[in-house]
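Below is one structure, written out as structure tokens; the observations come after it.
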Amino acid sequence: TKWEPGVMKADDLLDRIESFIKQGLDPSSITLRVDPIIPFVTKMEDVEHIVKRASGMGIKKVRFSVMDHYPTTSQFMTKLGYDYSKAYNKAPDGSYYMHAKKEVLDVIMTKMATLKDKYGVTLSTCAEPTVATGISKEACLSVSAVNQLLGTDISDDMVGKQRKLCSCFGGKTDLLQYDNKCLSTCAYCYAHHNTSRPFNYYNEDGVLKEN
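The sequence shown begins at 800 in the working numbering and counts up by one.
Given below as structure tokens:
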């Protein structure tokens, strides 16, 4: 879409993940990330479709986030027609707060919570100020998850070194740097990247490239 011009369509990405599972990838090692849910843009029926299909493939861990407002990148969303005033409150200085309004978050959390039992998944969210019953708070890069997956014994002494509400491992290295390597070019992302058409996932006719 115009908000995420370089992103692979969800079903195409799930097709590829499914092919990896058929080749031996353990679905229990996969966390499905729905990130971000854009208030008043993301269709919850699309999110449910993704969760339903992933669950059918054996993927039972689902993590999601709601779009944050970054002053440095909101200009791109605004230029595309996004109205932050519908979902975000203004701070005393006139700028918008990072997180969406509580009532907006509550609606999203409630709708997500209904998917938990419906599709037998565990739900978690990262760095959100509020969650619904049945949804846990989990880091994008959880120290416990890394240790479990890799058999390591990484200390969590550096947790909390990121921004407020973030519980990621503080010693991580962010690969999504300002280096023009990411082709997704999401309008809301804190790191804008190149828009090189030859490297897009799709041909001009909309067909997914085989490679």
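Using N, Cα and C, we set each Cβ at its ideal position, and we do this for glycine too.
Going by CA-CA distance only, name the one from 819, 972, 810 that's closest to residue 852.
Minimum Cα-Cα distance from residue 852 among the listed residues 819, 972, 810 corresponds to 810.
What residue does the beta strand (DSSP E) around residue 861 start on, and which one ends it?
Judged by DSSP secondary structure, residue 861 falls within the beta strand (DSSP E) whose first and last residues are 860–865.
Is it a yes or a no for the region 817–837 touching the region 861–869, going by three-plus beta-carbon pairs under 8 Å?
Yes, the region 817–837 touches the region 861–869.
Same chain only: Cβ atoms within 7 Å of residue 854, ignoring 5 sequence neighbours per side
These residues qualify, in order along the chain: 918, 919, 920.
May I ask you to verify whether the region 905–915 touches the region 888–895, counting CB pairs closer than 8 Å and requiring at least 3?
Flag = no, the region 905–915 and the region 888–895 do not touch.
Quick check: residue 935 and residue 943, are their CB atoms within less than 8 Å of each other?
The answer is no: Cβ separation not under 8 Å.
With distances taken from CA atoms, which of 881, 1003, 949, 925 is nearest residue 839?
Across the set 881, 1003, 949, 925, the C-alpha of 881 shows the shortest separation from the C-alpha of residue 839.
To the nearest angstrom, report how far apart residue 965 and residue 910 are at their CA atoms.
As the crow flies, the alpha-carbon of residue 965 is around 23 Å from that of residue 910.
8 Å Cβ cutoff met for residue 983 and residue 805:
A contact, by the Cβ cut-off of 8 Å.
Spatial neighbours of residue 829 within its chain, please: CB distance less than 6 Å, with the 5 preceding and 5 following residues excluded, ordered by chain position.
For residue 829, where only same-chain residues beyond five positions count, the Cβ hits under 6 Å are 858.
Which of the three DSSP states is assigned to residue 753 in this structure?
Any answer about residue 753 is impossible in this case: the structure gives the chain only from 800 up to 1010.
Please state whether the Cβ-Cβ distance between residue 990 and residue 875 is less than 8 Å.
Cβ atoms of residue 990 and residue 875: not closer than 8 Å.
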